[in-house]
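Below: one structure, written as structure tokens.
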Amino acid sequence: MNHDYTWDQRYQKGKDALPWDTGEPAPELIEFFEQIDSPPPYVLEIGCGSGTNAIWMAGNKSSVVATDISPAAIAMAKEKCKSRDLQVEFLVSDIMEATPVPAGSVNFVFDRGVYHVMAKEHRRKFIDRVAEALSDDGYWLCLAGNADQIRKPGVEGPPQLTASDLIDPTQQQFELYRLERSTFELPTLGSHLAWKALFRKRNKS
Ligand SMILES: C[S@@+](CC[C@H](N)C(=O)[O-])C[C@H]1O[C@@H](n2cnc3c(N)ncnc32)[C@H](O)[C@@H]1O
Numbered sequence: 033m034n035h036d037y038t039w040d041q042r043y044q045k046g047k048d049a050l051p052w053d054t055g056e057p058a059p060e061l062i063e064f065f066e067q068i069d070s071p072p073p074y075v076l077e078i079g080c081g082s083g084t085n086a087i088w089m090a091g092n093k094s095s096v097v098a099t100d101i102s103p104a105a106i107a108m109a110k111e112k113c114k115s116r117d118l119q120v121e122f123l124v125s126d127i128m129e130a131t132p133v134p135a136g137s138v139n140f141v142f143d144r145g146v147y148h149v150m151a152k153e154h155r156r157k158f159i160d161r162v163a164e165a166l167s168d169d170g171y172w173l174c175l176a177g178n179a180d181q182i183r184k185p186g187v188e189g190p191p192q193l194t195a196s197d198l199i200d201p202t203q204q205q206f207e208l209y210r211l212e213r214s215t216f217e218l219p220t221l222g223s224h225l226a227w228k229a230l231f232r233k234r235n236k237s
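Structure follows, in structure tokens:
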């Protein structure tokens, strides 16, 4: 496996090297669970980092497979939920290399800040993997940095995507179900404009 040691080194360094890691479940994810009739039975989280969101979903009645390219991140996530009896499986997996669950086996894919770190030339492959994992009509909630916020030079923050960066490559396989502004409230980097994009897989049959 082609581990990206930049990510893994950051997780090895610990909390100070992980400005995106709030330690709290994402408000957009909580809101999604509140808006649907019942929790999605089977979930894939891509790039789960230290596992906070995956553990939250498993605590809210979903059966979760959560993956990250970084073995150190997955070790942190496993440690966090070790004495808890939850339906969550943490796996080291590079989304560029393989779809980490059987085709069509999950109803919901979650990514916070993962699609937005993919190089432009890798985005379609990421989308293919999400589409492959999802059942027909399954949903993908993607939280990404938003390029509509003009960032002053030298200010650090998440990668920023335009609406077309986010949506155009998805069109063949996904309907855009909802697109809203949100914010990433990051402990050391402050508040950054984000996208909250909910996609629904196109039903091909
Ligand atoms: C900005 S962090 C967000 C982490 C987590 N989602 C969160 O909100 O705390 C991006 C994450 O994507 C993971 N990642 C980067 N490239 C990946 C890949 N090709 N496959 C799986 N995970 C990847 C990184 O290791 C990192 O945990």
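The opening position of the sequence shown corresponds to residue 33 in our numbering, with each subsequent residue numbered one higher. For every residue, glycine included, the Cβ atom is placed at its ideal position computed from N, Cα and C. Quick caveat, the model's predicted, so the values are computed rather than measured.
- Straight-line measurement puts the Cα of Asp-69 at about 22 Å from the Cα of Leu-175.
- Residue side-chain check: Met-89 keeps its Cβ at 7 Å or more from all non-hydrogen atoms of ligand 1.
- Of the candidates Asp-40, Phe-64, Glu-60, the residue whose Cα lies closest to the Cα of Ser-82 is Asp-40.
- At least one heavy atom of ligand 1 lies closer than 7 Å to the C-beta of Cys-80.
- Taken atom to atom, the span from the alpha-carbon of Arg-144 to that of Pro-57 is near 10 Å.
- The Cβ neighbour count for Pro-72, taken over all protein chains shown within 10 Å, is at least 16; the residue is labelled buried.
- Secondary structure of Val-149 (DSSP, three-state): helix.
- Here DSSP, grouped into helix, strand and coil, assigns Ala-58 to coil.
- Within the same chain, Leu-173 come within 6 Å of Phe-64 by CB-CB distance, once the 5 residues on both sides are set aside.
- For Ala-109, the uninterrupted alpha helix (DSSP H) run begins and ends at 103-112, by DSSP.
- According to the DSSP secondary-structure assignment, Asp-100 is paired through a beta bridge with Val-124.
- Remark: the C-beta of Gly-145 is in contact range of ligand 1, defined as less than 7 Å to any heavy atom.
- For Val-162, the uninterrupted alpha helix (DSSP H) segment begins and ends at 155-165.
- Taking 8 Å as the cut-off, the beta carbon of Arg-161 is found no closer than this to the beta carbon of Pro-201.
- A heavy atom of ligand 1 is found nearer than 7 Å to the CB of Asp-53.
- Checking the 7 Å criterion, the Cβ of Asp-100 is within range of a heavy atom belonging to ligand 1.
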